[in-house]
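Everything below concerns the one structure shown next.
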Amino acid sequence: MKRKLITLLTLISFTLLLPPLSFGEPETLYYSDRFVFRSKEVDDLTLVILNFSRGKEGEKYYGEFFGAVFTQTGWWFLEGNDKYFYKPGNLEIIQPSYFAKADGSAVSGFKLRYDGGDFTLNLSSGPTQPLYTPDAGKTLQKQLGVAEAVLNIRGQEHWGELVHETVIWQGFNGLKRYKGLFKEYLSFYLITEKGREIYLHRNKSNPQEFLNKYGLSETFLPEGGLVRSGPESTYFFKPPIPLSLLDSTHPSFAFYTVPQRWKIDAPSVGTLFIWSRGNASKNWIWGGYYLMSIEGVLKTGTTEERVWGLAEYIPN
Numbered sequence: 067m068k069r070k071l072i073t074l075l076t077l078i079s080f081t082l083l084l085p086p087l088s089f090g091e092p093e094t095l096y097y098s099d100r101f102v103f104r105s106k107e108v109d110d111l112t113l114v115i116l117n118f119s120r121g122k123e124g125e126k127y128y129g130e131f132f133g134a135v136f137t138q139t140g141w142w143f144l145e146g147n148d149k150y151f152y153k154p155g156n157l158e159i160i161q162p163s164y165f166a167k168a169d170g171s172a173v174s175g176f177k178l179r180y181d182g183g184d185f186t187l188n189l190s191s192g193p194t195q196p197l198y199t200p201d202a203g204k205t206l207q208k209q210l211g212v213a214e215a216v217l218n219i220r221g222q223e224h225w226g227e228l229v230h231e232t233v234i235w236q237g238f239n240g241l242k243r244y245k246g247l248f249k250e251y252l253s254f255y256l257i258t259e260k261g262r263e264i265y266l267h268r269n270k271s272n273p274q275e276f277l278n279k280y281g282l283s284e285t286f287l288p289e290g291g292l293v294r295s296g297p298e299s300t301y302f303f304k305p306p307i308p309l310s311l312l313d314s315t316h317p318s319f320a321f322y323t324v325p326q327r328w329k330i331d332a333p334s335v336g337t338l339f340i341w342s343r344g345n346a347s348k349n350w351i352w353g354g355y356y357l358m359s360i361e362g363v364l365k366t367g368t369t370e371e372r373v374w375g376l377a378e379y380i381p382n
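Residues 67 to 382 (the working numbering) are what the sequence shown spells out, left to right.
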């Protein structure tokens, strides 16, 4: 009996010395494909935004769709802007939402379709060409490509460009609303009448504070961008981007303002003077999300070149 007791105590002591069993954290992975269409007719500007995000946390999968359209009559948020059922599988494949689907690839081109109670649209593009890589980390990659495209909507055909923006982020949960990810965030997807692509973004959040708070290893770079003419990048926006606010509005009952006009200097290229033609928003007292149709000019010396496209703004 005494020998059994000694043996039992020895086993307990040995067990206490062993490191605790670790089953690891559930794998969390996020994918996003955003498609932004801009028509070539600035005086009959048409914009379409279709975003398919999806992800997994452990064995749980989810999908989320967001879409909006801008025409001469203003902005429209599409039906089905919500989470949707996503079958477990390869997250690189975009599974259709309730009203929208995306087929194709950057190599073959894309075919996008939305069919809701408000709009029926078909969008087709050729193969995309690499435009810009804002983030190229180990756990976070963000890339932009662009291609010629044609949009059919309400019986009308519009030619233009399709910007394809992809995000892959390990450790990020797309269903979680991370506080501090964005602050006074601005991004512009523009083109000039000579076909020059202009992309830039600026975020005033504190990256290190955000990483410390949520235990992530990487987040989006605070600011950057470029001007591209044909296959060549002719100018890179480096921090701090010389972006000046010229005018803003104050939404009712909100604790923030919304920018409306900007001046952006791009030495060796010119100076951008751009403004919002119309806003669409999902806003509340402390924050919100804004889409803006953009028009303006690029001044180079004594010459002016028209500019148009899309901007988004997230107060906080």
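Beta carbons: idealized from backbone N, C-alpha and C, even for Gly.
Under the DSSP definition of a beta bridge, Q195 partners with V212. Comparing C-alpha distances from R343 to each of K126, F136 and E125 shows the shortest one belongs to F136. DSSP links D331 through a beta bridge to T337.
Non-local C-beta neighbours of E223 in its own chain, meaning closer than 8 Å and more than five positions away in sequence, comprise V216 and L217, ordered along the chain.
Residues of the same chain with a CB within less than 6 Å of the CB of T323, apart from the 5 flanking positions on each side, are S314 and H316 in chain order. Counting of Cβ neighbours within 10 angstroms places P297 among the exposed residues, the total staying below 16. A distance below 8 Å separates the beta carbons of P308 and I330. Short of 8 Å from the beta carbon of T205, and not among the five residues preceding or following it, lie these beta carbons of its own chain, in chain order: W235, Q236, G237, L282, S283 and E284. In the three-state reduction of the DSSP assignment, P200 falls in the strand class, which pools E and B. Here DSSP, grouped into helix, strand and coil, assigns F276 to helix. When DSSP assignments are scanned along the stretch 238-318, the uninterrupted stretches of beta strand (DSSP E) that are 3 or more residues long and fall wholly within it turn out to be 251-258, 263-268, 289-295, 298-303 and 309-315.
If you look at D99, you'll find it in the beta strand (DSSP E) that goes T94 to S105. The Cβ atoms of G121 and Y96 lie closer than 8 Å to each other. Beta-bridge annotation (DSSP): N188 is paired with R179 and N218.
Under the Cβ criterion (8 Å, minimum of three pairs), the stretch 97-107 counts as touching the stretch 370-377. DSSP, read as helix, strand or coil, puts V233 in strand. Annotated as proximal: Y251 and I380, with beta-carbon spacing under 8 Å.
The C-alpha of S334 is placed about 12 Å away from the C-alpha of L292. Excluding residues up to 5 positions away in sequence, F339, E370, E371, R372 and V373 lie with their Cβ nearer than 7 Å to the Cβ of V363 in the same chain.
Secondary structure at D109: helix, using DSSP grouped into helix, strand and coil. Shown here, V373 sits in a strand according to DSSP, grouped into three states. Considering only N147, S163 and H267, the residue with the shortest C-alpha distance to K153 is S163.
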